[in-house]
Amino acid sequence: MSLSSNNVCFNCENLTASFSCKKHDLSVNLDNYCSDHNYKKSLNKTSNCGNCSKFKTDNCPNSNYASEGLLCFSWSL
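Just so you know, we're using the numbering used here here: the sequence shown kicks off at 65 and counts up by one.
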């Protein structure tokens, strides 16, 4: 069986932490999609604070809670 990813808002560069599309200025659901999708290589099963580029920096929006093994929607490469 082969698996594939869909071009949904969850993996789009335009999704913000508040679940809105910054390109269209709309509130979205994670399974919505549009023709302006920009794939964002992001979350996978090994993603966590420990491998986030924002971990232990001033850019971490959840620095009071961030720790190895946890994950938030602000995770980034």
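Ideal placement from N, C-alpha and C gives every residue a C-beta, glycine not left out. None of these values were measured; they are calculated from a predicted model.
The beta carbons of cysteine 116 and serine 140 sit about 6 Å from each other, so the pair counts as a contact at 8 Å.
Within 10 angstroms of the beta-carbon of leucine 94 lie fewer than 16 other beta-carbons, which makes it exposed.
Closest by C-alpha distance to tyrosine 97, out of Lys104, Asn70, Lys118, is Asn70. Contact check for cysteine 113 against valine 92 fails: the beta carbons are separated by 8 Å or more. In the three-state reduction of the DSSP assignment, cysteine 113 falls in the helix class, which pools H, G and I.
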